[in-house]
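Here is the structure we will look at.
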Amino acid sequence: MSTTSARPQSEPASPDGLSEPRLLGAYRTMALVRALDERCLALQRQGRIGFYAPHAGQEAALIGSALALETDDWVFPAYRELAVALVRGVPLQAIVDQLFGNADDLVKGRQMPNHFSFRDQHFVSASSPIGTQIPQAVGAAMAVRYRQAPAVTITYFGDGATSSNDFHAGMNFAGVFRAPTIFFCQNNGWAISLPRERQTRSATLAAKAEAYGFPGVVVDGNDVRAVHAAVRSARGRAVRGDGPTMIEAQVYRFGPHSTSDDPTRYRPEAQVAAAREHDPVARLKADLVAVGRLDEPGDARIWEESRAAIAAAVAHAEKAALVDPLSLFDDVFARRSPRLEEERGQCAATLGTPSRSP
Amino acid sequence: MSTTSARPQSEPASPDGLSEPRLLGAYRTMALVRALDERCLALQRQGRIGFYAPHAGQEAALIGSALALETDDWVFPAYRELAVALVRGVPLQAIVDQLFGNADDLVKGRQMPNHFSFRDQHFVSASSPIGTQIPQAVGAAMAVRYRQAPAVTITYFGDGATSSNDFHAGMNFAGVFRAPTIFFCQNNGWAISLPRERQTRSATLAAKAEAYGFPGVVVDGNDVRAVHAAVRSARGRAVRGDGPTMIEAQVYRFGPHSTSDDPTRYRPEAQVAAAREHDPVARLKADLVAVGRLDEPGDARIWEESRAAIAAAVAHAEKAALVDPLSLFDDVFARRSPRLEEERGQCAATLGTPSRSP
Amino acid sequence: MRRHPRDPVEVAVTELTVVQAVNRALHEAMRADPDVVVLGEDVGVNGGVFRATDGLLKEFGADRVLDTPLSETGIVGTAIGMALYGLKPVAEIQFLDFIYPAFDQIVSELAKLRYRSGGQFPCHVVIRTPYGGGIKGGLYHSQSTEAYFCHTAGLKVVVPSTPADAKGLLLSAVADEDPVIFLEPKRIYRAVSGEVPDGDHRVPFGQARTVRDGTDVSVFAYGAMVPPSAEAATTLAGEGISAEVVDLRSLVPLDEAAVLASVAKTGRAVVVHEAARFCGFGAELAALLAEKAFYSLKAPIARVTGYDTPFPYALEHVYLPGPERIAAAVRDAVRAN
Amino acid sequence: MRRHPRDPVEVAVTELTVVQAVNRALHEAMRADPDVVVLGEDVGVNGGVFRATDGLLKEFGADRVLDTPLSETGIVGTAIGMALYGLKPVAEIQFLDFIYPAFDQIVSELAKLRYRSGGQFPCHVVIRTPYGGGIKGGLYHSQSTEAYFCHTAGLKVVVPSTPADAKGLLLSAVADEDPVIFLEPKRIYRAVSGEVPDGDHRVPFGQARTVRDGTDVSVFAYGAMVPPSAEAATTLAGEGISAEVVDLRSLVPLDEAAVLASVAKTGRAVVVHEAARFCGFGAELAALLAEKAFYSLKAPIARVTGYDTPFPYALEHVYLPGPERIAAAVRDAVRAN
Ligand SMILES: Cc1ncc(C[n+]2csc(CCOP(=O)(O)OP(=O)(O)O)c2C)c(N)n1
Ligand SMILES: Cc1ncc(C[n+]2csc(CCOP(=O)(O)OP(=O)(O)O)c2C)c(N)n1
Ligand SMILES: [Mg+2]
Ligand SMILES: [Mg+2]
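Laid out in C-alpha cells, this is it:
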C-alpha cells in the first residue's frame, strides 16, 4: 500500500481549535478528496470502476468533523465518507483499491465501491441499507463507557436517514443510556429525488434531538471551522458523561446521488449553481489566501500533488491482482463450515481450479 | 349475539361537548368496562379464559376519546381498547365471545383474548407486535383523504410504543402527507417493567410530535371531559385538512400488564395506591353526584346492571360451540390454495373427521 | 403492433422490455381503476430508479403516485392502511435488499390480517421490488430472498421472466384479493424483450410455463434463471440430452401439478435459483418431489444455486448460476442411475 | 449434585428445568467473562418475562444487565455496536414473534459484517429468544420461523431440547466467534427437567444427538418436537417398528454426517417441526437427503409440520404436530415400498 496520508504525522490529532497550519492541512485534504471525486466519476464513466457515490460540496463537513476526533474514537460511516477515512490516516491507496475491488482491497472485493472498512483506523464497515450504522454507533459508545475509555463514537448519515427505523432507535437508546455518541447528519437537502421538506415536516433535522432528550445543533456545513467546533464541543460533552449530541451540517452536494442517478430529472440546475457559490473548498482557499497562508502558485502545487498521488494510486490499483475466486467462501464464519467447504470444492471444480484449502 | 351496547341509539354520536346526559352515558360505559375488567381477571384465574390484558384506570381516556369520534372514523387499536369498541356499538357479547375464542368469536378463535376485530364498527384487527397499527392508521387516513370522506382515523398505543419503528414511520408519514390521523397515546408510565423515564428522555411524549412538524398535546387521562375535548379538537383539525395531532393521555393502569405479568417485581405498591386516588370512574361519579345527575341507589343499579349483562354474556359465551377444527385452513387466502386444500384433507384424516369442503 | 403468436384470437401486441412491461401494466391498472395508487421512494418525479414508474406521476398526479420518505416500514405500513380502507396500493421497494425494515409489517401484518380478523379485514397490497444479481450491485443490490416470503403463510409470491409475464402477472396481482410479493428480475429488466399483448392481458397465478419440452430431465427455474436454463437446454440438445425447462412463474401458489407431471415424465430434476442453497426455494421443490414423485425419480435431485455466502461484488460471476453450471448438473443427473 | 451418567469423568450435576439451565448458563458466562453483557426488554428488574434472566441484575449490576426501551431494532443494533467494539452481548428478544423489527439489523448487518469487511469486523452477538407453540399464545407468541435465519448466510442457529443442551449450547454460543440465533423452546421451558453438568459444560455446534437408536426409520426433530418424537418412537416400538430419533440441536451448522448416516442405516426419513411446511427447515433436510442419500432411500420423505397457515389460538392443538401425527407418518414411511 502507498503511504499517502492526509494528516501529517507531526500535527496533534485534534486540538480544540483549528489553527492556521492545521487549516492548511485541512485544505490539502479537501483538495485531495475533491480531485479524487472528480477522478472517480471519470473512472466510472470509463467503465474502470463499477460505481461511485460523490461527495463534492461536502468536504468541509467531512473533514472538519473528522479533524475533531481522536485516534481512539470510532467512526460509523454511511457510504460517502472516504474523506473521513483519509483524515483518520487511511492510505489513499487503500481507498482506491476498494473502489477497484481488487485483491489488495481490504474488503476483498465483496462490496460495491464506497463501502469501506478500515479496522486499524476504527472506521467501521459501511453498508448500503440506510441508517443501520446509527444504533451500532450507540452500542459501541455504550461499550466505550462500559470500558471507561475516554473516547466517543460518531455516526454519519444523511437527511434521508432521519426517516429510518435505525435513526429513531439509535437516537432513543443514546438518550436513554446517555451514550457518548455524536450523530452527524449531513443534510444536503435531498435523498435521491426527495427534497428535505418532504422527507419530514420537522423545522430542522437537529430539532429532532429534542424528542430524545438531548441537544441538536445546526451548523453551516460549508464552514470547516464551524463544523470542527461543533463536533469538538459535542465530543467534549460526550467524554464528560453528558451524553449524545446531534449535529445537522447543512451542505449541498454538487454531483448526482451516485453514478446510477440522473439528478436533472428532479433537481433544478439553478439550485446547483447557487450552491456552487458557497463551495467549501473555494471558501477555505479564499480564507487562507486572505491571511497569507496560501497563494496561487502554492494552491496550484497542492492540486497538482493531489492529482499525481491519485494517478499513482489508480495506476497501482489497476495493476493489482484480481480477487481469488475461492475467497468467496471465506469470512462467512470464522471457520468454513463443512457445507461451505463442500460448496467451495464444487465451485473450484466449476472453475477448473484445484480447491486448495489454505 | 346480545344487544348490549354502550351507546344508547338516541344520543348523537359526538357533539362538541360532553353534555350531562352524555356524561351519564359515559359513566355507564365506564362502570360496564370496569366490571368487565374485574370479571375477566377472575375468569382468567379460574382458567376459563386463557389470558387477559386489563385496562382499569384508563376508562376516561378510552371512553372520552371514543365518544369524540364519528361513525365513519376508523379505529386502529392496540390490545387494551375493548371500551372503545363498546362505545362504537360493538355488542358486549361479541367482545366476550372473542375472549373465549369460541365459535361465535368474529376472529374465529385465531387470536389471544383482547385481539379484537370489528369490521362493522371500523375497529381494525388488533395484533400483538407493538406499534404496527400506527402507520396503518396513517395509510387509512391518506385513503380517507383520497376518497374525500369527512372522516379521520385514530390510533391507540402506549408509552412503550413510542420507541417502536412504526411510531416513527407513522408519525413522519402523517406529518409529510398531512394525514387526518389522531395519535392517541395512553401513557401509563410503564411498558411492562420499564418506567416511562427510561423509555425515552423526551420531556413529554407529546413533545415528540414536534419532530414531525405537528402539534402534540398532553391531557389528563383521568378527566373524561378533557380527553373528549382534546380528541374533538384534533378531529376538527384533521377534517379541516390541517393534519395530524398527537395526544398524550396521562393515565395509570391499576392492574398488571396482563395476566402473565407480576408487577410486584418492579412497581412500587405505593404508586398504585396513589393512583387509585385519581380513579377516573370514581371521579366522574363524584362529578355526577355533585351536579345531582346520580345518587347512590342509581349508581348501585348501574353496577348491578353491568354485572348482570356481563354474567349473561359470559354464560352465553361458555355455552357456545367450539371452533371448527377445519376452519384452521380458511382465510389464509381469499380461497384455499391447492396446497391448503391438501393439508386440510390431511388434517381431517388426522382428526378422524371427514373433510367437507364448504 | 402485431398479433401475439400464442394467442388464438387476434390480440395486438407490442415489443417491450421487462421493465417497460411493468410500466405498461402499472399505467393500465391505474387507468382501469381509480383505487389503484402507487407509492414508494423516488417513484414519482424520478420515475423510479429503474424507471418502472416513469410517466405515472404525470398521468395520474401526486394523489395517486406518492413519493414517500425513506422508510420501508412507512411504505408498507401505510399501504396496508390504504388497503384496509379499500384502495389497491402498489408499493415499490427500491431493491429487495431494502425490504427488511418493512419485514415486520409484511410478515406480522400484511400476511396475517385476513386470517387474524376472521376474514373481516382482507388486505390486498402488491409489493413490487427488483431482486437478484447480475448488475454488479454487490451485497445489497443483488439478493434473492424469496424463500423468506414463500415460508410466510398468507403471501403470494410471483416472479416473471418475460415481458409478457411481467405485464400479465402484474395485472393479475393488482386484481388479486390477497397480498402479493411481486419480484422483478432486474438483471433482465432491459436484457430481455418480447411481445406483450396489449390491453387487459392477465397471467393467472399458480400456472407454470413450459419454456421447452423435454424427456430426459426437468429443469425448474424462475426469474432471471430462466434464460440461462434455456440456454443450457439448447447446449444439451446438441449433446443428445432432452431437457424440459419449466418456468415456475408463481412460487406461491405453486403449480405442483406441472412440477409433478414433468418429473413423472423425465424422472430427473434439477432446480435452479440465484438464492443461497440452504433453505432456499429449491429445498421446497426437492422436498415436494422427494415426497410426491419419489417413485418416478431415477436420480438424485440436484440444486444449482447461489452459494451459502453473502452475495459478492467482484465475484458475482462466480456466485451466480450460469448455463455451464446448469448444464453440468443436468449431465450429472442424466448420467446418474 | 450427582454425577452425570453420560460423562466419563466425575462431573457434578444439578437437576434443572430448561429455563433454569438457560439462567444458569447466563450466570456462569457472565461470571467467567466481564465482556459478557445482557440486554433486552424486561431482562433486568423483572428478570425476563420467562425469568430466564432472573438474578442477573442483582449479581452483575445495571452496567451489564440492560433494560432497554421497546425497540428490537435498538436492541440488536446496539448489541452489534457493542460486539464490534469487543464486548460479548447476549441480547434477549422477548418472543421470536417480535424479532422482525430487528430483522434488517440481523440479516443485513449481523450476518454480513464479517464477510463484507473482509474479516476485519467480526460481530459476535448471541440472540436468545423463546420460540414455538404450546402455551396458548396465539398468532404472536407461538411462531417458529427458524427457516428465515437458516437461509441467511452468516448466522448460526441452534435449538436445545434438554436442560443440559440448553446450558451446553448457550455456553458454546457465548464462546463462539460468530453470530448465533439461540432458539429456546418455551413450551418445554418448565415442562422438561433433567441433570445439567455444573461448570463450563459446552455442547459443540454441528453435532446432532441420537435420542433413541433405531433401524427402520429415522425421525429428525429439534426443540419442543423432540419429546413428542421420542414418545411416538416408544409407541411404535410396541408395534414392532424401530424408529431412530435424532435431535438436530444445531440447524446451522447442520450435522449432515449424522443425518446421512442415520438414513444410510434406515432408508426412511420423517422430518418433524412446528414451523409451517412450505419452505420450512424440513424442506432443506428432505432436499439434502434427496441429493445425498438418494440411493439409500426406500420410501418418500415425510414431513410432519405445522400447516401452511398462521399459527392459531383455539386450534393450537390441531396445528402442532403431536405423537399421533408423528407416529402415523412413521407407519406410512415404514409401510411404503
Ligand atoms: C433501507 C434503504 N432504503 C432505500 C435505499 C436506497 N437509497 C440509497 S441512498 C438513498 C437516499 C439517501 O439519502 P440521504 O440519507 O439523504 O443520503 P445522501 O445520499 O443524500 O447522502 C436511498 C433511498 C437504501 N439504500 N436503503
Ligand atoms: C415488537 C414487540 N416487542 C415486544 C413485545 C412484548 N410486549 C408486549 S406489551 C409490551 C409493553 C408495551 O408497553 P406500552 O406500549 O406502554 O403499552 P401498555 O402495555 O403499557 O398499555 C411489550 C414489551 C411486543 N408485543 N411487541
Ligand atoms: Mg441527503
Ligand atoms: Mg404503557
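Residue numbers (the numbering used here), protein chains in the order written: chain G, 1 to 358; chain A, 1 to 358; chain B, 1 to 337; chain F, 1 to 337.
Just so it is clear, CB atoms sit at the ideal spot from N, CA and C, and this is done for glycine as well.
When distances are taken from the beta-carbon of serine 164 of chain G to the heavy atoms of ligand 1, the shortest one is below 8 Å.
For a cut-off of 8 Å, the C-beta gap from alanine 91 of chain F to isoleucine 75 of chain F is around 5 Å, short enough to register as a contact.
Identification of chain A residues near alanine 287 of chain F by a Cβ-Cβ cut-off of 7 Å yields none; the smallest Cβ-Cβ distance measures about 18 Å. A distance below 7 Å between beta-carbons, with the five flanking residues on each side excluded, links glycine 86 of chain F to the following residues of its chain, in chain order: Asp35.
Between the stretch 277-286 of chain A and the stretch 216-226 of chain A there are three or more C-beta pairs closer than 8 Å, enough to call the two in contact. DSSP places alanine 336 of chain B in the coil class of the three-state scheme, outside both helix and strand.
In the three-state DSSP reduction, alanine 207 of chain A falls in the helix class (H, G or I). Here DSSP, grouped into helix, strand and coil, assigns asparagine 222 of chain A to coil. Around the Cβ of valine 203 of chain B, a 10 Å sphere holds 16 or more other Cβ atoms; the residue is buried. With at least 16 other beta carbons inside 10 angstroms of its own, glutamine 93 of chain G counts as buried. Neighbours of tyrosine 212 of chain A in chain G, taken as residues at a C-beta separation under 8 Å, are given in chain order as Thr200, Arg201, Ser202. Segment contact: the stretch 319-330 of chain F against the stretch 223-235 of chain F, three or more CB-CB distances shorter than 8 Å; contact assigned.
Closer than 9 Å to the CB of aspartate 105 of chain G there is at least one CB belonging to chain B. Here the C-alpha atom of proline 113 of chain A lies approximately 10 Å from the C-alpha atom of aspartate 105 of chain A.
Counted as a single uninterrupted DSSP element, the stretch harbouring proline 321 of chain F is not any beta strand (DSSP E), since DSSP gives it neither H nor E. Spatial neighbours of proline 312 of chain B in its own chain (CB-CB distance under 6 Å, excluding positions within 5 residues in sequence) are listed in chain order as Tyr319.
If one requires a minimum length of 3 residues, the beta strand (DSSP E) runs lying completely within the stretch 159-215 of chain G are 181-187, in chain order. The C-beta distance from valine 11 of chain B to proline 163 of chain B rounds to 14 Å, too long to meet the 8 Å contact threshold.
Within its own chain, the residues whose Cβ lies closer than 7 Å to the Cβ of alanine 147 of chain B, once the five positions on either side in sequence are excluded, are Ala275, Cys279, Gly280, Phe281, listed in chain order. Residue selection by CB proximity (closer than 6 Å to any heavy atom of ligand 4) returns A:Gly158, A:Asp159, A:Gly160, A:Asn188, A:Trp190, A:Ala191 in chain order.
The stretch 216-297 of chain F is shown to contain whole beta strand (DSSP E) runs of 3 or more residues at 217-221, 243-247, 250-252, 269-276, in chain order. Nearest CB-CB separation between threonine 68 of chain B and chain F: not below the 9 Å threshold. The closest CA to that of glycine 238 of chain F, considering only F:His201, F:Gln143, F:Phe103, F:Arg331, is found on F:Arg331. At a cut-off of 8 Å, the beta-carbon of aspartate 104 of chain B counts as near ligand 2: some heavy atom of the ligand is closer than that. Glutamate 59 of chain A: not part of any beta strand (DSSP E); member of the alpha helix (DSSP H) spanning 59-67, first to last residue.
Around the beta carbon of serine 19 of chain G, fewer than 16 other beta carbons lie within 10 angstroms, which makes this residue exposed. Counting along the chain, the unbroken beta strand (DSSP E) around threonine 305 of chain F starts and ends at 302-306. Not a single CB atom of chain B sits nearer than 9 Å to the CB of threonine 129 of chain F. The alpha helix (DSSP H) runs of length 4 or more contained entirely in the stretch 98-168 of chain F are, from start to end of the chain, 113-116, 146-150. Taking the Cβ of arginine 34 of chain A as the reference point, every heavy atom of ligand 2 lies at 8 Å or farther away. The straight-line gap separating the alpha-carbon atoms of leucine 26 of chain F and leucine 26 of chain B is approximately 54 Å. Residue state for lysine 319 of chain A is assigned as helix, using DSSP reduced to three classes.
Going by beta carbons, glycine 243 of chain G and alanine 169 of chain G fall outside the 9 Å limit. Approximately 34 Å separates the beta-carbon atoms of serine 108 of chain B and proline 268 of chain A; this is outside 8 Å, ruling out the contact. In the displayed model, tyrosine 52 of chain A falls within coil according to three-state DSSP, outside both helix and strand. Neighbours of aspartate 308 of chain F in chain B, taken as residues at a C-beta separation under 7 Å, are given in chain order as Ala153.
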